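Visitor: Pasting a structure below so you can have a look.
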Amino acid sequence: MRVCILTGGGDCPGLNAVIRAVVRKGEKHYGDELLGSLDGYRGLIDGETVTLDVESMRGTLPRGGTVLGTSRIQPYGVPEGLERFRRSVESLGIDALIVIGGEGTLACAQELCRDGFRVVGVPKTIDNDIGGTELTFGFDTAVQIAVEAIDRLHTTAESHDRVIVVEVMGRHVGHIATWAGIAAGATITLIPEEPFDIDEVCDALVRRHERGRYASIVVVAEGAVPRPGTVELPDKVYDAFGHVRLGGIATRVADEIERRTGYETRVTTLGHVQRGGTPTAFDRVLSTRFGLEAIDAVHDEAWGQMVALRAGDIVRVPLSEAVANLKVVDPRLWDDASQFFA
Ligand code: F6P
């Protein structure tokens, strides 16, 4: 078969490990010819693809980012995009597509299936918010990076008797914040799923500091929201694809903490550091297993399915299930995290 792989949306540690696994099993086991679409769907819209083989993927397992490039461009979002996409698929003799992406990229994959393309999905995002799978690759790496950073912030916060507000990624959900908060011993964690009351946050910090602790770490997911009517946020800014561009909640929270408590407060925003660089061993293994299952799914003609992790097994779920609802933080885990607050 002639199989084309693409990576769409934000990059994520482990993308190359997925591509490498697809190429390895496709070429060696199935005798496939493998192609890569450059910059996500854009490559097929513009007819820009590369040949992939075991040789060309050597050395990519530990590399962050994606050797294919990525973008948020989609066939349904550009003039005559679908027709151009279809022309490339037909002229290149592509039998199947493996689409590696997050919510937007996978929703587009589902539409392509409805329009007659033969697609298998692989879930990707450091946010870990895709439904149907217990974990997405990249999440473990992002948490690890956040925990290492917060461990370092503890010692400087303690030396200066400061509050440090650390902003981690998590556009709609607080998986990274919750896990990093538990693992690094956050004083308080704020996530989108649980709108916060700044008065309660400050009261908790004051109670803690009155007990003789003079340093605190507040972990805040970039998408965390104050309870209505409590803290004013600046107007939202959107990118060209309608995605809200977040960042800045930590500064608002820190300003309020300093103003209301008088404690010296600093901000650290981890940003794209969480997405860059080498994947953890766990993410390399998960990515590899996802890639191997994706090429098997292609040969089983499991169109419209996405590979997923469930109870330790790699399984297939319908793309429709994966994109129907974002996976939010389990309330039981949030309850565990909150036992340690302040
Ligand atoms: O969805 C993954 C993610 O890293 C989010 O956590 C973050 O809000 C967003 O991507 C950032 O996107 P961009 O790379 O466009 O700034």
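Residues in the sequence shown are numbered from 3 upward in steps of one, following my numbering.
Where is the CB? At the ideal position from N, CA and C, for every residue including glycine.
All figures in this text were calculated on a predicted structure; none of them were measured in a lab.
1. From Val221 to Asp153, what distance separates their C-alpha atoms?
2. For the alpha helix (DSSP H) that Gly83 lies in, which residues bound it at each end?
3. For Gly38 and Val170, what's the separation of their Cα atoms in angstroms?
4. I want to know whether the segment 291-300 touches the segment 5-23 - three or more CB-CB distances under 8 angstroms.
5. Whose C-alpha, out of Gly42, Glu113, Thr271, Ala159, is nearest the C-alpha of Pro320?
6. At which residues does the beta strand (DSSP E) containing Arg318 begin and terminate?
7. Taking the beta strand (DSSP E) that Gly103 falls in, what are its first and last residues?
8. Roughly how many angstroms separate the alpha carbons of Leu63 and Glu323, rounded to a whole number?
9. Express the C-alpha separation of Arg26 and Leu311 in angstroms, rounding to a whole number.
10. Expressed to the nearest angstrom, what Euclidean distance is found between the alpha-carbon atoms of Ala304 and Gly278?
11. Between Glu82, Val5, Ile96, Arg164, which lies nearest to Ala256 when the distance is taken from Cα to Cα?
12. Hey, does His211 have any beta-carbon neighbour from chain D nearer than 8 angstroms?
13. What separation, rounded to the nearest whole angstrom, lies between the Cα atoms of Ala217 and Leu8?
14. Taking the C-alpha atoms as reference points, what is the distance between Glu57 and Arg44?
15. Taking just the CA atoms, how far does Arg213 sit from Gly106?
16. With burial defined as no fewer than 16 other Cβ atoms inside 10 Å of the residue's Cβ, what is the status of Thr282: buried or exposed?
17. Beta-carbon within less than 8 angstroms of Ile178's beta-carbon, same chain only, minus the 5 sequence neighbours each way: which residues are those?
18. How would you call Phe198, buried or exposed, if buried means at least 16 neighbouring beta carbons within 10 angstroms?
19. Near Arg262, which residues of its chain fall below 6 angstroms by C-beta distance, leaving aside the five closest residues on each side in sequence?
20. Considering Leu311, what are the terminal residues of the beta strand (DSSP E) in which it resides?
Guide: In brief:
1. 12 angstroms
2. 83-93
3. 31 angstroms
4. yes
5. Glu113
6. 315-320
7. 98-103
8. 29 angstroms
9. 21 angstroms
10. 32 angstroms
11. Arg164
12. No chain D is present in this structure, which holds just one protein chain.
13. 46 angstroms
14. 25 angstroms
15. 47 angstroms
16. buried
17. Ile128, Asp129, Asn130, Phe141, Ala144, Val145, Ala148, Val170, Met171, Gly172, Ala223, Gln276
18. buried
19. Cys204
20. 307-312
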